[in-house]
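First residue of the sequence shown: 1417, per my numbering; consecutive thereafter. Backbone N, C-alpha and C fix where the C-beta goes; we use that ideal spot for every residue, glycine too. Computed from a prediction, not measured in an experiment: that's the story for all the values here. Take a look at the structure below.
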Amino acid sequence: MGRTLYIAANGDDNWSGNLPDPLPDRTDGPLATLEKARDLLRETGPHPEGATVFMRGGIYERSACFELDERDSGTPDAPLVYRASPDETPRLLGGRRIGPFTSIENPQILARLPEEARNHVRQCALNELGIADFGRFTSRGFGRPTSPAHLELFFQDRRMEVARWPNDDFARIEAPVALSPEGDEHGGEMGILEAGFLFADQQPTRWQSLDDVWVYGYWGWDWAGSFEQVATYDPDRHLITTRPPHGLYGFRSGQRFYFLNVLEELDRPGEYYLDRGTGKLYFWPPAPLEEGEAIISLLEEPLIRAAAASHISIEGLTLECTRGPGAEIRGGTGIVLAGCTLRNIGNHAVAVDGGTEHGVESCDICDTGDRGISLSGGDRSNLTPANHRAVNNHITRVGAWSRCYQPGVTVEGVGNRVAHNWIHHAPHIAVLLHGNEHQIEFNHIHHVCLETGDAGAFYMGRDWTEQGNIIRHNFFHHTQGVGMGSMAVYLDDCASGAVIYGNIFYECTRAAFVGGGRNNRIDNNIFVDCQPAVQIDGRGLNPSPVWQNMVYSTMKERLDAIDHHSPLYNTRYPHLTELDRYYQAPGGIPPEGNLVVRNICRGGEWLQIHWHADPTQVAVQHNLVDEDPRFVDADSMNFALEEDSPAYELGFKSIPLERIGLYRDEHRSALPATNWRTARHG
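This is the structure:
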């Protein structure tokens, strides 16, 4: 087993760390910090038999990132392990517990609160606790860089909500003030951001101050939301303007938005407001305060970062209540985060950037400000895989502060695997892909794209060279969407060379969508009550400027950035060179080489081939449509086939339903309740 050390909340860094508990005379016992354990291992290393640091249960309030580097590396056969003691839960907080909360006596504050809230809202004087760093709101969202969150409040292990209006729904833009002469590039109107927008409701007239009031909206498109700070409000003109820097798109009539960080809108349990001028936090607790812990976030760095380190496992820890990321892994090889809980995170939960064979396994991830997991690694120039993996993770409620393109899992580079994850209840995408030869398989995905439109549960697009990706043996159901709705597997903007094999799609709109791409294979899937099951278009042939610019500028630049004529690319993706002849003349690029074969479609609509796509250029063969496929129990969402299913006569292969989703292992001893029949209700 090698060297063993212990850390405990009641430990002391002057002790040896060789004991799990303090001696009665407190002359020796466990250490107090991760840093001391790390430094002792450095001093006594190397450790040919490995080393294990056991972390006892309890709360560890962190004020700095725990850093690991090449000096802390183990070996493939003898890794260094930081793990929870058996049956205990060590919690690393990027913040601190606060209290007491007292009644509000200031009549001016009480007068600003809604009458129904005055007897329920309590205050905590953060400045009297020595807390002066409140962070700040920033303009986050589409086209904006991610940034640490502001100070947030958590109670009973859940993120509380900054006071907002409306509470659950959205307000609507009445009209932009001034129209852009360019419009929206699709022939529609779009307002100029700097001029502001009109809003007829008189609700803002109730508010005493607009200082640090923000708005979140899908200002021009349902797939591009952002937070913006209110600059001015003119009640006579019903005009709202926002502060620069402004976003990428304009304001459009009827688009959705809401206000937040407004004291006067603290009107229901679970909401809070921080007065940054006085340092007072106002909170309407959703349960008696003595029934939970109130925690605020402070740390803007990652709770854990491994840079150029190798062969280290971090197991069973809870990382939470922080403004920054949960964990970051950069370079190195063989770093594994396993059986951990990452919740109430201001940025992303886990980011893997570079290196090889890193893993995020059997973790529970929820309530993140940005994405859940990102895996980036591999070399696209020579198609060398990184072999990173995100496996057996439960991921939900991501994207609290960056609600678009911050998915459950992002995968980039070459040769990474996203498998056996349960991803659900997210405002936008579940899995976002860039790169080559990734495997997306055995995932259970539902109730995503809840707040957005023209979005996909799985999404990739706009690069001919991102080839060889496999979307296999996943279960997609009850994907949502507003406006233009959503897709289950969305090969957007000419995404090509993908295989969609052996998936189950139930009650999805545009379940398998090919948006102008080439050489995609839709094979051996089950579609039930989808509208439609398969949709293919030819947008690469559209003569309008927006699509011609995409094909001849953006996608041509990305094609030229990779040597697709190299022997390697020619061997792996020979059809890429077919694009050369289309780029020698105007006219666009057709969606050739797509194959739709051996699929089952029951209910809903089967196939749409439209918008410049030529049906004769799509191979549609051996599909079972409008015939009973003989499911075992469709009413219970068991879409296994009976032995006498007519699909088998067409060459259909059984889908291993029993392998889809989470599984038990040494880090996940029990499975959450996943009643697929009731999952439709959210």
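At least 8 Å separates the beta-carbon of G1686 from that of P1704. Counting along the chain, P1506 sits inside the beta strand (DSSP E) bounded by residues P1506 to L1509.
For the segment 1904-1975, the full-length alpha helix (DSSP H) segments reaching 4 residues or more read 1961-1965 along the chain. Boundaries of the alpha helix (DSSP H) around Y1998: L1995 to Y1999.
Remark: three or more beta-carbon pairs, one from each stretch, lie closer than 8 Å, so the segment 1494-1506 and the segment 1455-1470 are flagged as touching. For the pair G1771 and T1800, the CB atoms are not nearer than the 8 Å cut-off. Pairing G1815 with V1864, the inter-Cα distance amounts to about 11 Å. Looking from the CA of D2049, the closest CA among H2083, D1428 and V1944 belongs to V1944. A contact is defined here as three or more CB-CB pairs under 8 Å, and the segment 1837-1850 meets this definition with respect to the segment 1803-1812.
Scanning P1661, L1690, T1694 and G1641 for the CA closest to the CA of R1668 turns up G1641. In this structure, L1697 sits near Y1688, with a CB-CB distance shorter than 8 Å. Per DSSP, I1525 is one residue of the alpha helix (DSSP H) stretching across P1523 to R1528. DSSP, read as helix, strand or coil, puts P1983 in helix. Residue burial is scored here from C-beta neighbours: V1827 has at least 16 other C-beta atoms within 10 angstroms and is therefore classed as buried. Between the segment 1976-1995 and the segment 1955-1963, the count of C-beta pairs closer than 8 Å stays below three; the two stretches do not touch. Short of 6 Å from the beta carbon of L1609, and not among the five residues preceding or following it, lie these beta carbons of its own chain, in chain order: H1662 and G1666.
At the C-beta level, Q1539 and F1558 stay beyond 8 Å of one another. Bounds of the alpha helix (DSSP H) holding A1453 are L1450 to T1460. Going by C-alpha positions, R1574 is about 50 Å away from A2035. I1761 and G1775 have their C-alpha atoms roughly 19 Å apart.
Residue environment: R1472 is assigned as buried (16 or more neighbouring CB atoms within 10 Å of its CB, all protein chains considered). N2054: member of the beta strand (DSSP E) spanning N2054 to L2057, first to last residue. If you keep only unbroken beta strand (DSSP E) runs of at least 3 residues inside the segment 1600-1665, you get 1630-1633, 1642-1650 and 1655-1658.
Taking C-beta separations shorter than 6 Å and ignoring five residues to either side along the sequence, the partners of G1636 in its chain run M1606, Y1665, G1666 and R1668, following chain order.
Membership of T1749 in the beta strand (DSSP E) is indicated by the continuous run T1749 to A1754.
DSSP, read as helix, strand or coil, puts Y1875 in strand. In the structure shown, the three-state DSSP call for Y1674 is strand. For I1423, the closest C-alpha among the options D1441, T1449 and T1505 is that of T1449. DSSP lists L1697 as the bridge partner or partners of C1540.
In the DSSP assignment, I1861 forms a beta bridge with I1839 and F1892. Between the alpha carbons of I1789 and E2074 lies a distance of about 25 Å.
Within its own chain, no residue has a Cβ closer than 6 Å to the Cβ of H1981 once the five positions on either side in sequence are excluded.
Counting along the chain, Y1989 sits inside no beta strand (DSSP E), nor does DSSP assign it H or E at all. One thing to note: G1933 has its Cβ no nearer than 8 Å to the Cβ of P2006.
Around the beta carbon of K2069, fewer than 16 other beta carbons sit within 10 angstroms, so the residue counts as exposed. Taking the Cα positions, D1953 is about 55 Å away from G1693.
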